[in-house]
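> For the record, the sequence lines run as chains A and B. For reference, each letter of the first sequence is one residue, going 16 to 224 in the working numbering. For reference, each letter of the second sequence is one residue, going 16 to 224 in the working numbering.
Protein chains: 2
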Amino acid sequence: MNRKGILLVVSGFSGAGKGTLMKELLSRYDNYALSISATTRNPREGEVDGREYFFRTREEFEKMIAEDALIEHACYVGNYYGTPRAYVEEQLSLGKDVILEIEIQGALQIKKRFPDTLLLFVSPPDAATLKNRLVGRGTETMEVIENRLARATEEANGIEQYDYFIINDDLDACVRQVHEIIQGEHSRVFRSLELITEIRSELKTFQKG
Amino acid sequence: MNRKGILLVVSGFSGAGKGTLMKELLSRYDNYALSISATTRNPREGEVDGREYFFRTREEFEKMIAEDALIEHACYVGNYYGTPRAYVEEQLSLGKDVILEIEIQGALQIKKRFPDTLLLFVSPPDAATLKNRLVGRGTETMEVIENRLARATEEANGIEQYDYFIINDDLDACVRQVHEIIQGEHSRVFRSLELITEIRSELKTFQKG
Chain A
16 MNRKGILLVV SGFSGAGKGT LMKELLSRYD NYALSISATT RNPREGEVDG
66 REYFFRTREE FEKMIAEDAL IEHACYVGNY YGTPRAYVEE QLSLGKDVIL
116 EIEIQGALQI KKRFPDTLLL FVSPPDAATL KNRLVGRGTE TMEVIENRLA
166 RATEEANGIE QYDYFIINDD LDACVRQVHE IIQGEHSRVF RSLELITEIR
216 SELKTFQKG
Chain B
16 MNRKGILLVV SGFSGAGKGT LMKELLSRYD NYALSISATT RNPREGEVDG
66 REYFFRTREE FEKMIAEDAL IEHACYVGNY YGTPRAYVEE QLSLGKDVIL
116 EIEIQGALQI KKRFPDTLLL FVSPPDAATL KNRLVGRGTE TMEVIENRLA
166 RATEEANGIE QYDYFIINDD LDACVRQVHE IIQGEHSRVF RSLELITEIR
216 SELKTFQKG
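(1) Tell me which same chain residues have a C-beta within less than 7 Å of the C-beta of I86 (chain A), skipping the five on either side of it?
(2) Excluding five sequence neighbours on each side, which residues of the same chain lie with their C-beta closer than 8 Å to the C-beta of C90 (chain B)?
(3) Return the first residue and the last residue of the alpha helix (DSSP H) that D187 (chain A) is part of.
(4) Report the residue from A:E67, A:L210, A:I119 whose alpha carbon sits nearest the alpha carbon of V137 (chain A).
(5) What's the C-alpha gap between M16 (chain B) and K111 (chain B)?
(6) Quick one: which residues of the segment 198–210 of chain B get their C-beta closer than 9 Å to a C-beta of chain A? List them in chain order.
(7) Should E116 (chain A) be counted as a contact of the ligand HEM given a C-beta to heavy atom distance under 7 Å?
(8) What does the alpha-carbon distance come out to for the pair P130 (chain A) and E158 (chain B)?
(9) Please decide whether E217 (chain A) counts as near chain B, where near means a Cβ-Cβ distance under 8 Å.
(10) Would you decide whether P58 (chain A) is buried or exposed? Buried here means 16 or more other CB atoms lie within 10 Å of its CB.
(11) State the start and end residues of the unbroken alpha helix (DSSP H) segment that holds L36 (chain A).
(12) Out of A:K38, A:L107, A:N46, state which residue places its alpha-carbon closest to the alpha-carbon of L186 (chain A).
(13) Considering T144 (chain A), what are the terminal residues of the alpha helix (DSSP H) in which it resides?
(14) Is DSSP giving G110 (chain B) helix, strand or coil here?
(15) Pick helix, strand or coil for T216 (chain B), following the three-state DSSP scheme.
(16) Over the uninterrupted beta strand (DSSP E) stretch that includes I86 (chain B), give me the two end residues.
(17) Are the C-beta of E213 (chain B) and some C-beta of chain A separated by less than 8 Å?
(18) What is the residue span of the beta strand (DSSP E) that T98 (chain B) lies within?
(19) My guess is that V25 (chain A) and L109 (chain A) are in contact by the Cβ rule of under 8 Å, so how many angstroms apart are they, rounded?
(20) Got a sec: which bits of the segment 162–175 of chain B sit with their beta carbon under 9 Å from any beta carbon on chain A, in order along the chain?
(21) Looking at chain B, is there any beta carbon in it that lies within less than 8 Å of the beta carbon of E155 (chain A)?
(22) Applying the 10 Å Cβ sphere with the 16-neighbour rule, what's the burial state of I80 (chain A)?
(23) What distance in whole Å lies between the Cβ atoms of A84 (chain A) and E213 (chain B), which are believed to be in contact at a cut-off of 8 Å?
(24) What number of angstroms, rounded off, separates the C-alpha of E170 (chain B) from the C-alpha of H88 (chain B)?
(25) Quick check: is the beta carbon of S29 (chain A) nearer than 8 Å to any beta carbon in chain B?
(26) Closest by CA to G20 (chain A), which one among A:Y47, A:F180, A:D178, A:Y179?
(27) Between the C-alpha atoms of N147 (chain B) and D64 (chain A), what's the straight-line distance to the nearest angstrom?
(28) Please state the DSSP three-state secondary structure of R128 (chain A).
(29) Counting only the same chain and skipping the five closest in sequence on each side, list residues whose C-beta sits under 7 Å from that of K33 (chain B).
(30) Excluding five sequence neighbours on each side, which residues of the same chain lie with their C-beta closer than 8 Å to the C-beta of A167 (chain B)?
(31) Determine whether the Cβ of S26 (chain A) lies closer than 8 Å to any Cβ atom of chain B.
(32) Establish whether the CB of E195 (chain B) and some CB of chain A are separated by less than 8 Å.
(33) Is the Cβ-Cβ distance between I51 (chain B) and I174 (chain A) less than 8 Å?
(34) If you count every other CB in all the chains shown that lies within 10 Å of the CB of Q222 (chain B), and 16 or more means buried, which is it?
(35) Quick check on the burial criterion: 16 or more other C-beta atoms within 10 angstroms. Buried or exposed for E200 (chain B)?
(36) Beta-carbon within less than 7 Å of R18 (chain A)'s beta-carbon, same chain only, minus the 5 sequence neighbours each way: which residues are those?
And the structure:
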């Protein structure tokens with residue numbers, strides 16, 4: 016297909032199942048590419064450089080910022096996180112729909128710089144389910160619960176900036192739905208301007224003929 | 016499902032197969048309702064009042080305009096055409112996605128009045144196919160061809176006002192694609208504000224608790 020890929024940002028409440036959703040999308044369909052973030056935080060046990068993250072020193076990371084090699088970056092709890100530009104641009108030009116799983120700060124940076132970016136927000140089906148996931152099984156400390164609540168509230172404040180609000184109730188149905196939404200987005204008028212322009216100029220030729 | 020229906024306008028180049036597309040959508044899926052226009056033009060052979068159109072006198076039609084019983088109306092070649100409000104509102108509140116097959120003038124009136132309306136523009140796959148359909152099989156008079164070209168050019172000028180540009184190449188694939196686009200639109204953030212507000216206020220309750 017001779018079409019350009021769509022840049023996609025997927026965010027959502029913790030516990031909404033974003034990770035599994037992305038994994039399923041990538042394994043079921045061949046038109047997606049997952050962008051891997053760079054970070055200055057230390058690898059956790061089992062994490063592999065270039066799989067979970069590109070692990071970089073602070074110096075290396077700041078060099079990437081200076082060289083405009085990241086399309087967005089943000090700082091959380093004293094560590095940098097960012098999206099390397101090269102992979103994203105390469106995959107988009109190959110026609111792949113490129114998925115970034117990032118937080119709202121980064122999402123808005125990307126949207127500002129690339130207005131055609133599609134922003135998806137994933138949520139559990141209702142507030143009760145969200146609560147259960149936030150509060151946990153009664154084994155969490157009050158501090159953990161309060162942190163999660165504060166974070167969910169902050170995430171919820173940004174939802175209007177997103178394009179789609181995706182309910183992840185049944186995983187299988189949700190994967191299909193997200194795929195259909197993304198594929199449908201390829202038919203948006205603003206993503207079809209080349210074809211529309213072509214048809215218009217042909218119409219003009221006919222009239223002169 | 017406790018969701019409100021989407022108001023859909025389908026327009027497109029003549030010969031793009033809109034009619035067949037709508038017929039297939041209605042027969043394959045049960046979530047659509049087709050709005051029937053009212054007109055002051057005379058019924059053609061085989062046309063039935065209440066099936067192709069509601070055939071009305073000019074006096075009756077102008078009364079409908081005065082009573083705001085039409086959500087849009089326009090005049091073509093000396094005849095009125097318009098969309099009766101009652102059926103559209105009833106079907107939307109029942110959760111049906113209501114399809115109006117109308118021209119750009121009417122489409123823009125509707126969009127202005129109901130900004131959540133989804134506008135779809137249907138096109139043949141390329142300019143050559145469009146040309147063949149416009150020029151016909153060599154049996155058309157020059158006047159007919161020129162009229163079609165002028166109309167297609169006018170239609171093409173309005174495409175940017177639409178939300179989606181749908182290529183009707185393979186009918187079966189196109190019906191599925193249009194259905195998926197419309198169903199995906201139900202997950203737009205601006206169509207999900209009620210649910211989002213609910214989740215937000217629940218989050219506030221948790222924090223107080």
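Using N, Cα and C, we set each Cβ at its ideal position, and we do this for glycine too.
Reading it off the structure:
(1) Along the first sequence, read from residue 1 onward, the residue named residue 86 (chain A) stands at position 71. Once the five neighbours on either side are set aside, the close Cβ partners of I86 (chain A) are T98, R100, V103, I125, R128.
(2) To locate residue 90 (chain B), count along the second sequence from 1; it is residue 75. Only Y96 meet the Cβ criterion.
(3) Stepping through the first sequence from its first residue, residue 187 (chain A) is reached at position 172. Unbroken alpha helix (DSSP H) run through D187 (chain A): 186–200.
(4) Counted from its first residue, the first sequence places residue 137 (chain A) at position 122. If we check each option's Cα against that of V137 (chain A), A:I119 comes out closest.
(5) Residue 16 (chain B) sits at position 1 when you count from the first residue of the second sequence. Residue 111 (chain B) sits at position 96 when you count from the first residue of the second sequence. Because the pLDDT of M16 (chain B) is 45, which lies under 50, any placement of that residue in the model is unreliable, and the number read from its coordinates should be weighed accordingly. Approximately 10 Å, taken between the alpha carbons.
(6) Q198, G199, E200, S202, R203, V204, F205, R206, S207, L208, L210
(7) By its list of ligands, the structure shown contains no ligand whatsoever, and the ligand HEM lies outside what it can speak to.
(8) For this step, residue 130 (chain A) is matched to residue 115 along the first sequence. For this step, residue 158 (chain B) is matched to residue 143 along the second sequence. Whole-angstrom Cα-Cα distance: 44 Å.
(9) Mapped onto the first sequence, residue 217 (chain A) falls at position 202. For E217 (chain A), the answer is yes, since a Cβ of chain B falls inside 8 Å of its Cβ.
(10) Here the question's residue 58 (chain A) lines up with position 43 in the first sequence. The residue in question, P58 (chain A), is exposed, as its Cβ has fewer than 16 Cβ neighbours within 10 Å.
(11) In the first sequence, residue 36 (chain A) corresponds to position 21, counting from 1. Run containing L36 (chain A): 33–43, per the alpha helix (DSSP H) assignment.
(12) Position 171 of the first sequence, counted from the start, is the residue given in the question as residue 186 (chain A). Here the closest residue by C-alpha is A:K38.
(13) To locate residue 144 (chain A), count along the first sequence from 1; it is residue 129. Per DSSP, T144 (chain A) belongs to the alpha helix (DSSP H) from 142–150.
(14) Start at 1 with the first residue of the second sequence, and residue 110 (chain B) comes out as number 95. Of the three classes helix, strand and coil, the one that applies to G110 (chain B) here is coil, per DSSP.
(15) Residue numbering aside, residue 216 (chain B) sits at position 201 when the second sequence is read from its first letter. The amino acid at residue 216 (chain B) is misidentified as Thr; the sequence shows Ser. DSSP places S216 (chain B) in helix when its eight states are reduced to three.
(16) Walking along the second sequence from the start, residue 86 (chain B) turns up at place 71. Segment 85–91, the beta strand (DSSP E) holding I86 (chain B).
(17) Residue mapping note: residue 213 (chain B) aligns to position 198 of the second sequence, counting from 1. So yes, E213 (chain B) belongs to the interface.
(18) As a working note, residue 98 (chain B) is residue 83 in the second sequence. Taken as a continuous stretch (DSSP letters only), the beta strand (DSSP E) holding T98 (chain B) covers 94–99.
(19) Against the first sequence, residue 25 (chain A) aligns to sequence position 10. Against the first sequence, residue 109 (chain A) aligns to sequence position 94. Not confirmed; about 20 Å, so no contact.
(20) L164, A165, A167, T168, A171, N172, I174, E175
(21) Translated into positions along the first sequence, residue 155 (chain A) becomes position 140. No, E155 (chain A) does not count as interfacial toward chain B.
(22) Here residue 80 (chain A) refers to the residue found at position 65 of the first sequence. By the 10 Å Cβ count, I80 (chain A) comes out exposed.
(23) Within the second sequence, the letter at position 198 stands for residue 213 (chain B). Within the first sequence, the letter at position 69 stands for residue 84 (chain A). Actually they are not in contact, since the Cβ atoms of E213 (chain B) and A84 (chain A) sit about 42 Å apart, beyond 8 Å.
(24) Here residue 170 (chain B) refers to the residue found at position 155 when the second sequence is read from its first residue. Here residue 88 (chain B) refers to the residue found at position 73 when the second sequence is read from its first residue. Their Cα atoms are separated by approximately 17 Å.
(25) In the first sequence, residue 29 (chain A) corresponds to position 14, counting from 1. No, S29 (chain A) lies away from the interface with chain B (no Cβ there is under 8 Å from its Cβ).
(26) As a working note, residue 20 (chain A) is residue 5 in the first sequence. That would be A:Y47, whose Cα lies nearest to the Cα of G20 (chain A).
(27) Here residue 147 (chain B) refers to the residue found at position 132 of the second sequence. Here residue 64 (chain A) refers to the residue found at position 49 of the first sequence. When rounded, the distance between both Cα atoms is 56 Å.
(28) Taking the first residue of the first sequence as position 1, residue 128 (chain A) is located at position 113. Three-state DSSP puts R128 (chain A) in a helix.
(29) Numbered from 1 along the second sequence, position 18 holds the residue referred to as residue 33 (chain B). V25, G27, E116, V137.
(30) Here residue 167 (chain B) corresponds to residue number 152 of the second sequence, with the count starting at 1. Contacts found: F28, S29, L145, L149.
(31) Taking the first sequence and counting its residues from 1, one reaches residue 26 (chain A) at position 11. No, S26 (chain A) lies away from the interface with chain B (no Cβ there is under 8 Å from its Cβ).
(32) Walking along the second sequence from the start, residue 195 (chain B) turns up at place 180. By this cut-off, E195 (chain B) is an interface position.
(33) Here residue 51 (chain B) corresponds to residue number 36 of the second sequence, with the count starting at 1. Here residue 174 (chain A) corresponds to residue number 159 of the first sequence, with the count starting at 1. No.
(34) Along the second sequence, read from residue 1 onward, the residue named residue 222 (chain B) stands at position 207. Exposed is the call here.
(35) For the purposes of this step, residue 200 (chain B) is taken as the residue at position 185 of the second sequence. Classification for E200 (chain B): buried.
(36) As a working note, residue 18 (chain A) is residue 3 in the first sequence. Result list for R18 (chain A): G110, H201, in chain order.
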